[in-house]
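Down below is the structure, laid out as structure tokens.
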Amino acid sequence: MKKFRKVLDGLTTSSPGGTLGSPSYSSAAGTPTASTPREIDVQETLVSENFQLCKTVRHGFPYQPTALAFDPVQKIVAIGSRTGGVRILGRPGVDCYCHHETTAAVLQLQFLINEGALVTACADDTLHLWNLRQRRPAILHSLKFNRERITFCHLPFQSKWLYVGTERGNTHIVNIESFVLSGYVIMWNKAIELCTKTHPGPVVHLSDSPKDEGKLLIGFESGTVVQWDLRMKKVDFRIYYDEAIHSVSWHHEGKQFMCSHSDGSLTLWNQRNTARPFQITFPHGKIQKDGRKESCKPILKVEYKTSRNSEPFVIFSGGLSYDKAGRRPTLTIMHGKAITVLEMDHPIVEFMVLCETPYNNEVQEPYAVVVLLEKDFIVVDLTQSNFPIFENPYPMDIHESPVTCTAYFADCPPDIIPILYSIGAKHKKTGFSQKEWPITGGTWNVGSQTYPEIIITGHADGSIKFWDASAITLQMLYKLKTSKVFEKPKPGEVRGGDLVEEDPYAVQMVSWCPQSRIFCVVGISAHIILYRFSKYEANTPIVSLEVRLQCDTEEVLSPSETENQPCSPEPGSHSPVQASPGSGASEGVKDSIPCLKVKERPVRVPPGYQAELVVQLLWVDGEPPGQITSLDINSAYGLLAFGNSNGLAVVDYLQKTLLLCLSTLDLYGAADPYQRLTRSPRKNRQSTSDFCMRGLSSFYSDSKKRIRTSYQSLTELSDNQQSVDMERSKSPTSAESRENSFSRSRSSSVSSIDRETKEAVTTLQFGESYGRKGDAQPTPCLWVGTSLGVVLLIPMSVPTEEEERLEEPVTIGPGGAVLLMKGSILRLAFLDLAGAIIPGPHEVWRDPNGPEDPDRPRRRKLINFSPWSSQDGCAEGHLAVVCSERQAKVLLMPSQACLFVHNITESSFVLRADVVTACNSVCLACFCANGHIMTLSLPSLRPLMDVNYLPMTDMRIARTFCFTNGGQALYLSSPTEVQRITFSQDMCENLQEMLGELFTPIETPEVQNRGFLKGFFGGNAQNLDREELFGEASAGKASRSLAQHIPGQVGMEGMKAAAGGVVGDLARARIALDERGQRLGELEDRTAHMMTSAETFSKHAHELMLKCKDKKWYQF
């Protein structure tokens, strides 16, 4: 107890997680806990009004897509998903995501062509009308069907009447303007013959005839096709086929149509003879030896498009033979006698043929095919004979390999993006179509508040992708494959040291210094790769450094025995310890072997990031190395520090030596605050091995699996857990016991730590600080945070001269505990006495492979930010911000006095925390497991914002959530999509001008002049007055119980957007139209009543006339 107080002498705090003997307070806001020195006079400018949370933009491929639509005039595409989301894409920069209030799957999408509106049909049998004439689309109307299930929708061009087919086989008609049902209904029993004994099945197709708009073609699932005369309300013809129908497509003249069937056949029908098909083809069905056709898979969709200068195009998906097992999904293009089969990497969800004209009665002139796959989005060029695909300008390949970690860097050096782009452009794929991307709708301009932003994603296959995220767009810059550093196992070879069966190169975390361009990657196989950036090709060997970071203590040892058997020399030792592969391991026991084998020969590497050093942890007596939980690199010091559940290691990457390798217990020396007895890690051997054998590629497929994370809190999740926070809040054996263990473990009477697992190093931070209380000047230091809430400070001595730095060793002094906190330490940051962030010292980038200039020899140029460099005349010292899972504290250095403390959460715990800039100031941003996002002022730790943003339902968000400067953050909202958000009021206000416009005023193309002869012989389409047929005056009203009209609810963002400008006028106009429509409805009711009265009066007058017409005048 005396030793502990001596180590932490002078430290005061006000929370239960603080120093022993200190007073305990529980405050909602930041509480000063020590007398604040006079020289610390920070003028905090942030207030709650500076913060507002909103989503900015979503990148990536729509997860689980279900539907596709295209506006041929506006040239925008819409993609619906199984979770109720809709992505609308135009030219690069025009990318909008909107979501239904329910999570029902989107079944079908229909654009109101050139009207700036979209109709969505969802699996909950609801139709929605979206207004696309605003940057944030909003629902204007909804129509909920109560008694029937929606199966198909069709909206003719320039029509306001939507045909809706149902599961019962009925066809309803909806007025798009008012979103109410018409009384005109086509019942299934009237569409089929009376002698038919079976139900025709659901409606799978609806389309109006190109020749006559008054003819509606209805396709039923059973194989029945009916052409319904809308004017006469009768059937023109019926077609019966033995195989089920999946789709129907018209010839533009309206005399023929083609059907695709479940047996892999295509049937062509002529209206002159509907008794049998005009033509039956099995495109992929060959004749077998016995003379029979081989069975084929269903053709799910077919499109029949005509061209002026060539044969028609017949494009369909599916139809392959069942005998050809293992064949990939295909899209077949039949052009005349030529048949081209395009194999796809993923199943086809939907495809659409893009044509020059929006009119279905004109020559279509197809020029491209948009293909929506389960995990990709491609466009095929039909104008070239080899049918190449267009280069996709959207970031649709984020999920090319599952994303395992993310990093977000705002306000990067302006020259880094062009350099990365120029290097990455050399490795781009070729063979794309030379034509421009055909989806060119919308308008987008770079906003006024743009600055360089980069997003880095790590993947399960070991690849790293750098993305340009400036101006809320996302563009691929550069791709790095970390697997190229290692030897590939030969076929049939099984490596003895593998940690995981699959994805051994999966990326766990990254550390990047944009100024020096040094990049570090941590892999799941307990390895670290250090990269340097060069614009020149290199052929150099990769240095491998093997570290034995494992505690070899017995099951129960006294502290004295532990000191006699250290894992490595004392921190003050000047001789670095570097483990070498051992050869004395007993047979069958893995010992002193790494998980992967680094290439030994010199490797030719192209320009870009080039591997310089690989650090690998070794197996020890059959124990696998613990996965790395924390990492920090400093280019000015030339040091790399990392930690795991066993301890801490520091590497000098300039001299390629190991400086420090200590177990966590040895970091304390003789001043262990917990006075615990060490335990051998072999006790948990089975669970560790089982856990390590899991790959990360299946990580996102099942959120119930336990996923290894950097935090002790996340590794304690049970396998059947749905939410990170659920078990902590509901289970008395999780949250409560862990909370109790924190308080009890701080008592000197407890000899163990309530069966806690090994203490892991959870965060590391290099910086200029004060290693001891009496220091007058700052020195290089390493701050260490552990999973038990301990913060340690390790001073170092780093030679400053370049020659000395490469020859003299770095000296590491003895460290000590600075403070204790509740929960794992998540973030460490430094502020000067004015409250500004102190950037870490760094080296200015220089090309390691650049040509030597004899006049100007290359030397290391270091940028060092001392704690008082930004303060003239102020006292020496700086502030240290420490955030854990439960609370945050601000320390004054070098006195180590706790100035402010704030208990962030009691019922949950913090997953991510960072000190970032926002609104020209600095704040502490936190993301909790219960979905709350909070910001605290610095240094006073005043709560500024607390928003319940989203529930923590899966580990993906916890793994990938990260903050950055400018009040921004991102996370992986689905396995294929990255969601960016902002909590800055300024950015929320400027977001409208940063987003793209989905709708641009374009004149509708005129109908082609078909000529005198075609018009004379009936070639022109007959127009239909749908208002006369479907209006209430002639068709009456639909049953109220059939469907319920739901007015669109404008959210808070929509209300703010509608407060002024054109959107406000539109909103007011819509309200006025609704009121006018209501008044017109009342007027129609009164008019109908007057008409009824007039008819009654006329009837009585007629009867009276008949009664009196034969009477003489004198008979009255």
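Letter 523 of the sequence shown, counting from 1, is numbered 512 in our numbering, and no numbers are missing.
Yeah, the Cβ is synthetic: ideal placement off N, Cα and C, and Gly gets one too.
Given the structure is predicted, the values throughout are model-derived calculations rather than measurements.
Under 8 Å: do the stretch 177 to 193 and the stretch 153 to 164 share three or more Cβ pairs, one atom per stretch? yes
Inter-residue spacing [alpha-carbon to alpha-carbon] between Ile207 and Val215: 5 Å
Taking only the alpha-carbon atoms, compute the straight-line gap between Gln32 and Val807 and give it to the nearest angstrom. 27 Å
Phe889 - containing beta strand (DSSP E), residue span: Ala886 to Asn892
Does Pro126 pass the burial test, meaning 16 or more other C-beta atoms within 10 Å, or should it be called exposed? buried
For Met934, which three-state DSSP category applies? strand
Are the beta-carbon atoms of Glu790 and Ala625 separated by less than 8 Å? no
Here's the rule: buried if 16 or more other CB atoms are within 10 angstroms of the residue's CB, otherwise exposed. What is Phe1086? exposed
For His250, write down the residues that DSSP places opposite it in a beta bridge. Ile234
Use the C-beta contact count for Leu881: other C-beta atoms within 10 angstroms, 16 or more gives buried, fewer gives exposed. buried
Measure how close the beta-carbons of Leu132 and His1034 come, nearest whole angstrom, since I'm counting them as under 8 Å. 6 Å
Quick one: any contact between the stretch 491 to 510 and the stretch 376 to 396, if contact means 3 or more CB pairs under 8 Å? yes
Taking Cβ to Cβ, would you say Pro994 is nearer than 8 Å to Thr346? yes
Return the CA-CA distance between Gln63 and Tyr152, expressed in angstroms with no decimal places. 22 Å
When DSSP labels each residue in this structure, what does Glu332 get in the three-state scheme? strand
From Gln567 to Gly778, what distance separates their C-alpha atoms? Its pLDDT being 43, under 50, Gln567 is placed unreliably in this model, and the coordinates cannot settle the point.
For Met341, list the residues DSSP reports as bridge partners. Val359
Any chance the stretch 605 to 612 sits against the stretch 580 to 588, with 3 or more Cβ pairs inside 8 Å? yes
Relative to the C-alpha of Pro403, which residue among Glu232, Asp457, Ala1077 and Phe631 is closest? Asp457
Based on DSSP bridge pairs, tell me the residues matched to Trp119. Leu107 and Ile128
DSSP puts Asp457 in a beta bridge; with which residues? Ile443 and Gln464
Beta strand (DSSP E) runs wholly inside the stretch 249 to 311, at least 3 long, in chain order: 255 to 259, 268 to 270, 288 to 294 and 302 to 307
Counting only the same chain and skipping the five closest in sequence on each side, list residues whose C-beta sits under 6 Å from that of Asp450. Ser390
For the beta strand (DSSP E) holding Ile406, just list the boundary residues, first then last. Counting along the chain, Ile406 falls outside any beta strand (DSSP E), though it belongs to the alpha helix (DSSP H) covering Ile405 to Ala414.
Please report the straight-line C-alpha distance between Leu925 and Met810, rounded to a whole angstrom. 17 Å
When you compare each of Gln123, Glu104 and Ala67 to Ala110 by their alpha carbons, which one comes out closest? Ala67
Is there contact here, the stretch 904 to 923 with the stretch 32 to 43, by at least three beta-carbon pairs under 8 Å? yes
Under the three-state DSSP convention, the category Lys470 falls into: strand
Among Leu585, Ser167, Arg80 and Asp197, whose alpha-carbon lies nearest the alpha-carbon of Pro478? Leu585
Identify every residue that forms a DSSP beta bridge with Met882. His867
Determine contact between the stretch 49 to 60 and the stretch 355 to 369, defined as no fewer than three beta-carbon pairs at a distance below 8 Å. yes
Rounded C-alpha distance that separates Thr653 from Val899: 23 Å
Can you tell me which of Phe475, Tyr525 and Val594 puts its alpha carbon nearest to the alpha carbon of Val587? Phe475
If we call anything under 8 Å between Cβ atoms a contact, is Leu782 one with Gly812? no
DSSP three-state call for Asn838: helix, strand or coil? coil
Hey, would you say Asp621 sits closer than 8 Å to Leu753, going by beta carbons? yes
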